[in-house]
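J.:
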Amino acid sequence: MNWIDNVVRPKIRSFLNKKESPDNLWVKCPVSGEMVFYKDLEANQWVVPGSGHHMRIKARDRLASFFDGGIYEEITFEKTAQDPLKFRAAKKYSDQLRDDRNKTGLDDAILSGEGHVSGLKLVACVQDFDFRAGSLGMAAGEAILNSMMQAVEHKLPFVMFTASGGARMQEGVLSLMQMPRTTIGVQMLKDAGLPYIVVLTNPTTGGVTASYAMLGDVHIAEPGAQIGFAGARVIEQTIREKLPEGFQRAEYLHEHGMVDMVVHRHNLRDVISSLAGIFTKTQMSDDKSLTTKSEDENVEIQSALTEAAHAE
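Residue numbers (the numbering used here): 85 to 396.
What follows is the structure in structure tokens.
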């Protein structure tokens, strides 16, 4: 009996698991139920061709599709303390970090790079939701701040792609400290007169929304992205009212003036390079600040916003 349990059954399970691997070749759209071939979805920047639903995209895939030719110089950051609180749950926090590193190939939830977009050099920072739900911890905060400091040092526009469940609970108050730290980083960009463009992707919630995610010069949202602080169910239970249809979604926030535009993922490169170019040109022609613009420059920016709002 032990021979069957210890040898035969594990081999059968291993054989069945290998047979199940082709399931990864197809991805189901959560909106339409459409089955899409993995390679087709990857080539389409993880936008479902039929429904247009924007699925989550890995940080490396995001930067590869964003920068010209997928070429960029990755920005590194100093290592921070690992599991400083010795957090214990069903699974050790240190083990959770190890598993997410193996899964994503990232050191933490942030990947930053310096490269060109439509010929314009800039710094871009991406949160990967696959790593601890893109949560903001010590390492992520350090990576964001270092990236912002490099943008200031090189006098480059800064683009932030947010995707997060909020502050990382396993790091307690050390995680919450990253909110003011990253806010200081944003202020450094503003003091240097550098454009800070935020792209809000699905989902952007919690402490990230309450800090650097909503401090941009321009706020762009991907279609259908959930953007908010507390969850809709928590809000309903607190105020004892039913929330409006589409509450906390990108389109609802755009209609109510909380974001500047909703832009299809395929159009982000063109829109961001245009906006960054306009802001950069303004800074070069006016030593005062980005907040002081001529009437013609304001019209140019408004035109870019309007064009983006009606894009695919």
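Virtual Cβ for every residue (Gly too), placed ideally from N, Cα, C. All of these numbers come straight from a predicted model, not from anything done at the bench.
1) So, at 6 angstroms on beta carbons, what are the nonlocal neighbours of residue 263 in its own chain, with the 5 sequence-adjacent residues on each side left out?
2) Mind checking whether residue 354 and residue 304 have CB atoms under 8 angstroms apart?
3) Tell me which residues share the same chain as residue 256 and place their Cβ nearer than 6 angstroms to its Cβ, disregarding the 5 neighbours each side in the sequence.
4) Which two residues bound the contiguous alpha helix (DSSP H) that contains residue 215?
5) Do residue 283 and residue 204 have their C-beta atoms within less than 8 angstroms of each other?
6) The beta strand (DSSP E) spanning residue 200 covers which residue range?
7) Quick check: the Cα distance between residue 260 and residue 362, rounded to an integer number of angstroms?
8) Assuming contact is defined by CB atoms lying nearer than 8 angstroms, are residue 337 and residue 311 in contact in what I supplied?
9) To which residues of the same chain is residue 373 closer than 6 angstroms at the C-beta, ignoring the five residues directly before and after it?
10) Are residue 253 and residue 164 closer than 8 angstroms when you measure CB to CB?
11) Is residue 59 helix, strand or coil when you go by DSSP?
12) Exposed or buried, which one is residue 301 when buried takes at least 16 other CB atoms within 10 Å?
13) Does DSSP classify residue 314 as helix, strand or coil?
14) Measuring alpha carbon to alpha carbon, tell me which residue in 326, 231 and 346 is nearest residue 266.
15) By Cβ distance below 7 angstroms, which residues in the same chain neighbour residue 236 in space, the five residues on each side in sequence not counted?
16) Ignoring anything shorter than 3 residues or poking outside the region 254–334, list the beta strand (DSSP E) runs there in chain order.
17) Looking at the strands, I want to know which residues DSSP matches up with residue 156.
18) Given this structure, state the Cα-to-Cα distance separating residue 113 from residue 167, to the nearest angstrom.
19) Out of curiosity, what's the CA-to-CA distance linking residue 214 and residue 323?
20) Let me make sure I understand the geometry here. Which of 341, 181 and 307 has the alpha-carbon closest to that of residue 333?
21) Given 8 angstroms as the limit, is there contact between the region 138–149 and the region 179–194, that is, 3 or more CB pairs closer than that?
22) Roughly how many angstroms lie between the CA atoms of residue 313 and residue 331, to the nearest whole one?
23) Within its chain, find whatever has a CB closer than 6 angstroms to the CB of residue 177; leave out the 5 residues flanking it on each side and keep chain order.
T.: Let me lay it out:
1) 291 and 295
2) In this structure, residue 304 does not lie closer than 8 angstroms to residue 354 by Cβ.
3) Within the same chain, residue 256 has close Cβ partners 169.
4) That residue, residue 215, is in no alpha helix (DSSP H); it is neither H nor E in DSSP.
5) no
6) 194–201
7) Distance from the CA of residue 260 to the CA of residue 362, rounded to the nearest whole angstrom, comes to 34 angstroms.
8) yes
9) The pLDDT assigned to residue 373 is 47, lower than 50, so where the model puts this residue is not dependable, and the model offers no usable value.
10) no
11) Residue numbering for the chain in the displayed model covers 85 to 396; residue 59 lies beyond these limits and cannot be assessed.
12) buried
13) coil
14) Comparing alpha carbon positions, the residue from 326, 231 and 346 closest to residue 266 is 231.
15) Closer than 7 angstroms at Cβ, skipping near neighbours: 272, 273, 276 and 278.
16) 280–288 and 302–305
17) In the DSSP output, where bridge partners are listed per residue, residue 156 has 199.
18) The C-alpha of residue 167 is placed about 36 angstroms away from the C-alpha of residue 113.
19) 32 angstroms
20) 307
21) yes
22) 12 angstroms
23) Excluding the 5 residues flanking it on each side, residue 177 has same chain C-beta neighbours closer than 6 angstroms at 167, 171 and 254, in chain order.
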